[in-house]
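Undergrad: Quick one: structure below, then a few questions.
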Amino acid sequence: MVKTGQHGFGEFADLAWTAGDVPVSRRHGDTYFSRENGLDEARHVFLRGNGLPERFRPGFRIAELGFGTGLNMLAAWKLWDDSGQEGALEYVGFEASLVAAGDMERALRRWPELSDRARVLVGNWSEGATRIRAGSLAATIVHGDARLTVADWQGSADAWFLDGFSPASNPSMWEAELLGMVGARTRPGGTVATFSAAGRVRQCLRDAGFDVWRTKGYGRKRHMTKGRLAAP
(Lines of atoms letter the chains of each structure in order from A and count residues from 1; the text may use other names and numbers.)
(Lines give C-alpha, C1' and ligand atoms only; values in the text may rest on other atoms or scores of the structure.)
Protein backbone atom coordinates (compact mmCIF):
# COMPACT_ATOMS: atom_id res chain seq x y z
CA MET A 1 0.00 0.00 0.00
CA VAL A 2 1.31 3.47 -0.87
CA LYS A 3 1.20 5.86 2.06
CA THR A 4 0.68 9.61 2.01
CA GLY A 5 2.46 11.65 4.66
CA GLN A 6 2.86 15.06 6.21
CA HIS A 7 5.88 16.24 4.22
CA GLY A 8 3.65 17.66 1.51
CA PHE A 9 5.51 15.67 -1.13
CA GLY A 10 2.72 13.25 -2.00
CA GLU A 11 3.14 9.50 -1.83
CA PHE A 12 5.76 7.71 0.22
CA ALA A 13 7.86 4.83 -1.11
CA ASP A 14 5.97 1.58 -1.60
CA LEU A 15 7.83 -1.11 0.33
CA ALA A 16 7.81 -4.87 0.71
CA TRP A 17 9.73 -6.65 3.47
CA THR A 18 11.95 -9.71 3.45
CA ALA A 19 11.64 -12.47 6.06
CA GLY A 20 14.51 -10.75 7.90
CA ASP A 21 12.62 -7.42 7.90
CA VAL A 22 14.80 -5.74 5.28
CA PRO A 23 12.84 -3.15 3.25
CA VAL A 24 12.55 -3.67 -0.51
CA SER A 25 11.48 -1.06 -3.04
CA ARG A 26 8.57 -2.45 -5.05
CA ARG A 27 9.31 0.07 -7.78
CA HIS A 28 12.96 -0.85 -8.21
CA GLY A 29 12.91 -4.45 -6.99
CA ASP A 30 15.96 -3.85 -4.81
CA THR A 31 16.68 -3.80 -1.07
CA TYR A 32 17.50 -0.59 0.78
CA PHE A 33 20.54 -2.19 2.37
CA SER A 34 22.31 -5.54 2.67
CA ARG A 35 20.23 -8.53 3.71
CA GLU A 36 23.23 -9.60 5.81
CA ASN A 37 23.73 -6.50 7.96
CA GLY A 38 22.97 -3.03 6.66
CA LEU A 39 24.90 -1.23 9.40
CA ASP A 40 28.05 -3.27 8.81
CA GLU A 41 27.64 -2.58 5.09
CA ALA A 42 27.33 1.17 5.73
CA ARG A 43 30.48 1.14 7.82
CA HIS A 44 32.47 -0.84 5.25
CA VAL A 45 31.30 0.88 2.09
CA PHE A 46 30.50 4.45 3.02
CA LEU A 47 32.47 5.21 6.17
CA ARG A 48 35.72 3.33 5.61
CA GLY A 49 35.30 3.79 1.86
CA ASN A 50 35.52 7.56 2.42
CA GLY A 51 38.41 7.29 4.87
CA LEU A 52 36.30 8.07 7.95
CA PRO A 53 36.73 8.94 10.75
CA GLU A 54 40.35 9.90 9.92
CA ARG A 55 39.24 12.66 7.52
CA PHE A 56 36.72 14.24 9.86
CA ARG A 57 37.36 17.89 10.74
CA PRO A 58 35.24 20.85 11.89
CA GLY A 59 32.66 21.74 9.25
CA PHE A 60 32.90 18.35 7.51
CA ARG A 61 30.00 17.77 5.12
CA ILE A 62 28.66 14.51 3.74
CA ALA A 63 26.25 14.39 0.79
CA GLU A 64 24.28 11.29 -0.12
CA LEU A 65 22.44 10.24 -3.25
CA GLY A 66 19.63 8.00 -1.97
CA PHE A 67 18.82 8.88 1.66
CA GLY A 68 16.43 5.94 2.03
CA THR A 69 15.88 4.91 5.65
CA GLY A 70 18.56 7.25 6.98
CA LEU A 71 20.78 4.36 8.05
CA ASN A 72 23.97 5.72 6.49
CA MET A 73 23.43 9.11 8.09
CA LEU A 74 22.90 7.59 11.53
CA ALA A 75 26.04 5.47 11.15
CA ALA A 76 28.05 8.56 10.19
CA TRP A 77 26.57 10.61 13.03
CA LYS A 78 27.49 7.93 15.57
CA LEU A 79 31.03 7.69 14.19
CA TRP A 80 31.36 11.47 14.39
CA ASP A 81 30.49 11.40 18.09
CA ASP A 82 32.48 8.26 18.88
CA SER A 83 35.61 9.77 17.34
CA GLY A 84 35.36 12.87 19.53
CA GLN A 85 34.68 15.54 16.91
CA GLU A 86 33.76 19.10 17.84
CA GLY A 87 30.84 20.97 16.39
CA ALA A 88 28.20 19.50 14.11
CA LEU A 89 28.44 17.01 11.29
CA GLU A 90 26.80 18.54 8.21
CA TYR A 91 24.74 16.11 6.16
CA VAL A 92 22.74 16.60 2.96
CA GLY A 93 20.64 13.75 1.60
CA PHE A 94 19.01 13.72 -1.85
CA GLU A 95 15.98 11.44 -2.14
CA ALA A 96 13.26 11.15 -4.79
CA SER A 97 11.00 8.72 -2.91
CA LEU A 98 10.74 9.38 0.80
CA VAL A 99 10.27 6.50 3.24
CA ALA A 100 7.34 6.84 5.66
CA ALA A 101 8.25 7.36 9.32
CA GLY A 102 6.72 4.04 10.40
CA ASP A 103 8.67 2.15 7.75
CA MET A 104 11.83 4.02 8.70
CA GLU A 105 11.37 3.04 12.34
CA ARG A 106 10.75 -0.59 11.40
CA ALA A 107 13.87 -0.72 9.23
CA LEU A 108 16.13 0.83 11.89
CA ARG A 109 14.95 -0.99 15.01
CA ARG A 110 17.28 -3.94 14.39
CA TRP A 111 20.29 -1.86 15.55
CA PRO A 112 19.99 -0.96 19.25
CA GLU A 113 23.28 0.97 19.11
CA LEU A 114 21.51 3.49 16.86
CA SER A 115 18.27 3.64 18.82
CA ASP A 116 18.72 7.10 20.37
CA ARG A 117 19.67 8.67 17.06
CA ALA A 118 16.96 6.75 15.19
CA ARG A 119 14.40 8.08 17.66
CA VAL A 120 15.49 11.64 16.87
CA LEU A 121 15.29 11.03 13.12
CA VAL A 122 11.94 9.27 13.17
CA GLY A 123 10.47 11.81 15.58
CA ASN A 124 11.41 14.71 13.32
CA TRP A 125 10.39 12.77 10.21
CA SER A 126 6.94 11.97 11.58
CA GLU A 127 6.37 15.70 12.07
CA GLY A 128 7.27 16.43 8.46
CA ALA A 129 10.73 17.88 9.14
CA THR A 130 13.37 17.60 6.45
CA ARG A 131 15.81 19.86 8.31
CA ILE A 132 17.10 18.21 11.48
CA ARG A 133 19.23 20.04 14.03
CA ALA A 134 19.92 17.73 16.96
CA GLY A 135 23.03 17.74 19.11
CA SER A 136 26.02 17.20 16.84
CA LEU A 137 23.99 16.75 13.63
CA ALA A 138 22.92 19.38 11.11
CA ALA A 139 21.04 17.51 8.38
CA THR A 140 18.95 18.55 5.40
CA ILE A 141 17.00 16.11 3.25
CA VAL A 142 16.25 17.39 -0.25
CA HIS A 143 13.27 15.79 -1.96
CA GLY A 144 13.07 15.32 -5.70
CA ASP A 145 14.85 13.91 -8.73
CA ALA A 146 18.56 14.14 -7.93
CA ARG A 147 19.30 15.18 -11.50
CA LEU A 148 17.43 18.40 -10.72
CA THR A 149 18.02 18.88 -7.00
CA VAL A 150 21.79 18.36 -7.15
CA ALA A 151 21.93 20.78 -10.08
CA ASP A 152 20.14 23.39 -7.94
CA TRP A 153 22.27 22.77 -4.85
CA GLN A 154 24.83 25.50 -4.23
CA GLY A 155 26.87 23.53 -1.69
CA SER A 156 29.81 21.15 -1.84
CA ALA A 157 30.79 18.05 0.11
CA ASP A 158 33.90 16.49 1.59
CA ALA A 159 32.49 12.99 1.07
CA TRP A 160 29.74 11.49 -1.07
CA PHE A 161 27.74 8.35 -0.34
CA LEU A 162 26.37 7.04 -3.64
CA ASP A 163 23.59 4.77 -2.43
CA GLY A 164 20.91 4.79 -5.08
CA PHE A 165 19.46 1.42 -6.00
CA SER A 166 21.61 -0.64 -8.34
CA PRO A 167 22.47 0.82 -11.77
CA ALA A 168 20.46 -1.95 -13.40
CA SER A 169 17.28 -1.17 -11.47
CA ASN A 170 17.62 2.61 -11.14
CA PRO A 171 19.85 3.87 -13.99
CA SER A 172 18.91 7.54 -13.59
CA MET A 173 20.91 7.73 -10.35
CA TRP A 174 24.10 6.72 -12.17
CA GLU A 175 23.97 8.88 -15.26
CA ALA A 176 27.16 10.58 -16.39
CA GLU A 177 25.63 14.04 -16.08
CA LEU A 178 24.60 13.49 -12.45
CA LEU A 179 27.96 12.00 -11.47
CA GLY A 180 29.60 14.92 -13.22
CA MET A 181 27.64 17.25 -10.93
CA VAL A 182 28.88 15.20 -7.96
CA GLY A 183 32.44 15.87 -9.04
CA ALA A 184 31.75 19.58 -9.50
CA ARG A 185 30.28 19.76 -5.98
CA THR A 186 33.15 17.99 -4.23
CA ARG A 187 35.65 19.97 -2.17
CA PRO A 188 39.38 19.69 -2.97
CA GLY A 189 40.63 16.31 -1.78
CA GLY A 190 37.07 15.09 -1.36
CA THR A 191 36.01 11.49 -1.80
CA VAL A 192 33.22 9.27 -3.04
CA ALA A 193 32.23 5.69 -2.23
CA THR A 194 29.60 3.28 -3.50
CA PHE A 195 28.66 -0.38 -3.30
CA SER A 196 28.55 -0.47 -7.11
CA ALA A 197 31.55 -1.84 -9.00
CA ALA A 198 30.00 -1.42 -12.45
CA GLY A 199 32.56 -0.42 -15.04
CA ARG A 200 30.27 2.29 -16.41
CA VAL A 201 29.96 3.88 -12.95
CA ARG A 202 33.73 3.88 -12.48
CA GLN A 203 34.24 5.48 -15.87
CA CYS A 204 31.66 8.18 -15.17
CA LEU A 205 33.42 8.99 -11.90
CA ARG A 206 36.76 9.23 -13.71
CA ASP A 207 35.16 11.54 -16.25
CA ALA A 208 33.85 13.60 -13.30
CA GLY A 209 37.40 14.17 -12.08
CA PHE A 210 37.97 11.38 -9.58
CA ASP A 211 40.86 8.98 -9.26
CA VAL A 212 38.97 5.69 -8.89
CA TRP A 213 39.72 2.32 -7.30
CA ARG A 214 37.81 -0.94 -7.27
CA THR A 215 38.21 -2.48 -3.80
CA LYS A 216 36.83 -5.33 -1.72
CA GLY A 217 33.06 -5.20 -1.35
CA TYR A 218 30.87 -6.07 1.60
CA GLY A 219 29.47 -9.54 2.21
CA ARG A 220 28.52 -11.33 -0.99
CA LYS A 221 29.60 -8.42 -3.18
CA ARG A 222 33.13 -9.06 -4.37
CA HIS A 223 33.91 -5.43 -5.19
CA MET A 224 32.91 -1.82 -4.53
CA THR A 225 34.19 1.54 -5.78
CA LYS A 226 35.84 4.46 -4.06
CA GLY A 227 37.44 7.59 -5.44
CA ARG A 228 39.22 10.80 -4.55
CA LEU A 229 38.94 14.05 -6.46
CA ALA A 230 42.04 14.30 -8.60
CA ALA A 231 44.45 17.17 -8.02
CA PRO A 232 43.96 19.98 -10.56
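Position 17 of the sequence shown, counted from 1, bears residue number 27 in our numbering, the numbering being contiguous throughout.
Glycine is no exception: its CB is placed at the ideal position from the N, C-alpha and C atoms.
Quick caveat, the model's predicted, so the values are computed rather than measured.
Just verifying my parser: in three-state terms, what is the DSSP assignment at residue 159?
TA: helix
Undergrad: What are the boundary residues of the alpha helix (DSSP H) that includes residue 132?
TA: 125 to 136
Undergrad: Using C-beta distances below 6 Å, list every residue in its chain close to residue 71, excluding the 5 sequence neighbours before and after it, in chain order.
TA: 100, 167, 168
Undergrad: Are the beta-carbon atoms of residue 56 and residue 93 separated by less than 8 Å?
TA: Going by beta carbons, residue 56 and residue 93 fall outside the 8 Å limit.
Undergrad: So for residue 64, helix, strand or coil by DSSP?
TA: coil
Undergrad: Starting from residue 170, trace the beta strand (DSSP E) in both directions and tell me its first and last residue.
TA: Membership of residue 170 in the beta strand (DSSP E) is indicated by the continuous run 167 to 172.
Undergrad: Let me check you understand the geometry: is the CB of residue 210 closer than 7 Å to at least one non-hydrogen atom of the ligand GDP?
TA: Annotation note on the ligand GDP: not contained in the displayed structure, which lists no ligands.
Undergrad: Residue 232 to residue 220, Cα distance in whole Å?
TA: 22 Å
Undergrad: Please determine if the stretch 45 to 53 and the stretch 140 to 148 are in contact, where contact requires at least 3 C-beta pairs separated by less than 8 Å.
TA: no
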